[in-house]
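Contents: one structure, followed by commentary.
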Amino acid sequence: MKVLFTTYSGIGVGGAEVSMDLLVGGLRERGHNVVIASSGDYENSVKFKKFGKVPFYSIHNKYLEKFFSKIVKERGIELIHAQDRLTSIAAIRTAKKFKIPVVVHFRDYWFACPRSSCLTPDLKEYDKCSYLTILKNFPIKRWLWDMRK
446 MKVLFTTYSG
456 IGVGGAEVSM
466 DLLVGGLRER
476 GHNVVIASSG
486 DYENSVKFKK
496 FGKVPFYSIH
506 NKYLEKFFSK
516 IVKERGIELI
526 HAQDRLTSIA
536 AIRTAKKFKI
546 PVVVHFRDYW
556 FACPRSSCLT
566 PDLKEYDKCS
576 YLTILKNFPI
586 KRWLWDMRK
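For what it's worth, the working numbering labels the leading residue of the sequence shown as 446, then goes sequentially.
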């Protein structure tokens, strides 16, 4: 099977990237053709442009969707496996466009919490990430950034 893995960060950034690299290695050992699209360096990867500290998500997603579409077309990709919040929207849209399956790997709380951790700065856990939780526990500059997400 030809599989496209999408991840924003390169190896060495965190545990998710290491986990993905191990999964890719296992798939390759079993004869699958795996391509990685990332802003970082991986074996048999296609590198995309890394956006600045403040990515404009609508522009970013359109760019990645076009980038992933080209890979799917050129390499005959049969499945897309998205690894993070910064590539998942474009991966889903691309898969839908080409009518191929997509897997989104939830590795942390990014879908429920703008900080991806459900932890306050003093490491207290919270169950629900609400506007009130963010306003009460985080500096205003962080609050404004998180509300943008």
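By construction, the Cβ of each residue, glycine as well, lies at the ideal position given by its N, Cα and C atoms.
Exposure label - residue i; buried when at least 16 CB within 10 Å
i           : result
residue 499 : Because the pLDDT of residue 499 is 49, which lies under 50, any placement of that residue in the model is unreliable, and the number read from its coordinates should be weighed accordingly. With fewer than 16 Cβ atoms within 10 Å of its Cβ, residue 499 is classed as exposed.
residue 483 : buried
residue 462 : buried
Distance CB(residue i)-CB(residue j) smaller than 8 Å
i           : j           : result
residue 526 : residue 550 : yes
residue 480 : residue 520 : yes
residue 516 : residue 545 : no
Spatial neighbours of residue i in its chain, beta-carbon cut-off 7 Å, leaving aside the 5 residues before and after
i           : result
residue 535 : 506, 509, 510, 513
residue 578 : 571
residue 586 : none
residue 447 : 478, 520, 521, 522, 523
residue 542 : 514
residue 469 : 450, 479, 481
residue 565 : 571, 582
residue 540 : 525, 546, 547
residue 465 : 450, 452, 528
beta-carbon residue i near the ligand SAH non-hydrogen atom, thresh 7 Å
i           : result
residue 537 : Looking at this structure, you won't find the ligand SAH or any other ligand, since it has none at all.
Sequence-distant residues of its chain with Cβ nearer than 8 Å to residue i (five each side left out)
i           : result
residue 486 : 455, 456, 492
Own chain partners of residue i with C-beta closer than 6 Å, once the 5 adjacent residues on each side are dropped
i           : result
residue 472 : 479
residue 548 : 526
message: If contact is defined by three or more beta carbon pairs under 8 Å, each pair taking one atom from either stretch, is the segment 523-531 in contact with the segment 447-462?
response: yes
query: For the segment 493-550, which segments carrying the alpha helix (DSSP H) assignment without a break, of at least 4 residues, lie completely within its bounds, in sequence order?
result: 502-520, 530-543
Contained beta strand (DSSP E) runs [length at least 3] in the segment 459-483, N- to C-terminal order: 478-483
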